[in-house]
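The structure appears below as structure tokens.
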Amino acid sequence: MELVNKTGSSETNKKNIWAVQSGKGGVGKTFVTSSLALTLSKLQYSVLVIDLDLSGANIHTALGLNPSHLNLRHYLEGQKDISQIIIPTSYPKLSYIQGIWDSWLPFNFNEFDEQKFFTDLRALDFDYILIDFGVGSFEKYFNLYLECDEKILVSSPEPTSIEKNYRFIESYICQNLKSKSTPEAFAKLISTLREFRHKTLDKPFSFKTYLKENEGLTLEPFNKLNREPIKLILNGIRSHSVSDLGYSIKSVCNKYYGLHIEYVGFLEFDNSVWQSIKNREPVLISQPFTPVAGQFLNICKNLTEPENLRAVV
Ligand SMILES: Nc1ncnc2c1ncn2[C@@H]1O[C@H](COP(=O)(O)OP(=O)(O)O)[C@@H](O)[C@H]1O
Ligand SMILES: [Mg+2]
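Laid out in structure tokens, this is it:
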């Protein structure tokens, strides 16, 4: 399949790599990643899902698969090529890379060569590659997240999750600015942000204004974040009126960070989700007509169709 890149030109080698992240654990990243992957594969796209939760892999559980001995560690430690650790699943057009589940020997994150990782991924022949991230504001995780073509952020409707997602977004902006700023200018930015948090600034903080007015920083990396907006998914909604929270998060990001994010859809809280996980069969397979299946379809359409055709909420 030929993919169209963000500038509108087609590039057969360009892959659509989607990252799924959240500020807080347990809000449904793994459920969302595995279900988006299943939905895309049902739409006849070839999909690779990668478990990059280095604190404990469980995509295989969400997909109802047995963990594979062959896993990401074999690639990261240089024993295998990436193509040698791809495992086909029983679901048509869906393959996966088992995360590190032999975690009694933690992988040294500093040794993660992100450039090689993305070069290797982009050479693979899949329409979509989805990455389930572990939670945590690690520099490496931000660098990997930044490199992905689609940056998905999952939030539950609860304040604990929303608050942690704001912290995640702030770190994401700063991490992006760090490599493109002088160390002095970046240190000054961080101390200004601290003043803002302590409410000792005499005017509201705006990244845009600050970047324009201060030496040693450039606006372009921030503009790039706006051109490639984070895609927000609300998961575990118990009442449809709560789905409006997505609009509120979007407008808070606009107001306080000057950052444009897109709210691409919500997913209901559905008891059949955890029951299916317990029964080791994904809910989209055991109950293909559950409302959540339609909600995933809606989100996938929003993410795969060109921007002018999207029904972005
Ligand atoms: N929409 C939902 N409805 C009901 N239960 C859900 C839903 N999303 C997630 N869950 C439950 O929450 C648990 C944690 O989700 P998980 O995807 O493992 O979170 P994370 O990867 O963010 O830590 C799942 O095992 C599942 O039982
Ligand atoms: Mg997870």
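In my numbering, the protein residues as written are 15 to 327.
Note that the Cβ used here is the ideal one computed from N, Cα and C, for glycine as well.
Given the structure is predicted, the values throughout are model-derived calculations rather than measurements.
So is the beta-carbon of residue i under 7 Å away from any non-hydrogen atom of ligand 2?
i	result
residue 38	no
residue 44	yes
residue 72	yes
residue 139	no
residue 146	yes
Assuming residue i and residue j make a contact with CB atoms under 8 Å, what is their CB distance in whole Å?
i	j	result
residue 278	residue 316	4 Å
residue 147	residue 187	Incorrect: roughly 17 Å between the Cβ atoms, too far for contact.
residue 94	residue 164	The Cβ separation is near 27 Å, so there is no contact.
residue 37	residue 175	7 Å
residue 296	residue 52	6 Å
residue 111	residue 65	7 Å
residue 41	residue 169	6 Å
residue 31	residue 145	7 Å
residue 115	residue 71	5 Å
residue 103	residue 76	Their Cβ separation, rounded to whole angstroms, is 12 Å, which puts residue 103 and residue 76 out of contact at 8 Å.
residue 49	residue 140	Not a contact, Cβ separation roughly 17 Å.
residue 68	residue 123	7 Å
residue 260	residue 221	Actually they are not in contact, since the Cβ atoms of residue 260 and residue 221 sit about 22 Å apart, beyond 8 Å.
residue 84	residue 138	16 Å between Cβ atoms; not a contact.
residue 79	residue 142	19 Å between Cβ atoms; not a contact.
residue 212	residue 243	The pair is not a contact, with the Cβ atoms about 29 Å apart (cut-off 8 Å).
residue 126	residue 107	That pair is no contact at about 28 Å.
Tell me the residue span of the beta strand (DSSP E) that contains residue i.
i	result
residue 104	No beta strand (DSSP E) holds residue 104; DSSP gives it neither H nor E.
List the residues that DSSP assigns as beta-bridge partners of residue i.
i	result
residue 165	33
residue 263	Residue 263 is not bridged to any residue.
residue 213	The partner list for residue 213 (beta bridge, DSSP) is empty, contrary to what the question assumes.
residue 146	34, 65
residue 280	248
residue 110	63, 101
With respect to the alpha helix (DSSP H) encompassing residue i, which residues constitute its N-terminal and C-terminal limits?
i	result
residue 306	305–318
residue 178	173–192
residue 128	128–136
residue 121	That residue, residue 121, is in no alpha helix (DSSP H); it is neither H nor E in DSSP.
residue 288	285–292
residue 240	234–241
residue 74	73–76
residue 196	Here residue 196 belongs to no alpha helix (DSSP H), and DSSP marks it neither H nor E.
residue 88	86–90
residue 299	297–300
residue 227	221–227
residue 50	43–56
For ligand 3, is there any heavy atom lying closer than 7 Å to the beta carbon of residue i?
i	result
residue 68	With respect to ligand 3, the structure offers nothing, as its ligand set consists of ligand 1 and ligand 2.
Is residue i near ligand 1, going by C-beta to nearest heavy atom under 7 Å?
i	result
residue 313	no
residue 32	no
residue 291	yes
residue 113	no
residue 172	no
residue 150	no
residue 260	no
residue 282	yes
residue 41	yes
residue 249	yes
residue 288	yes
residue 306	yes
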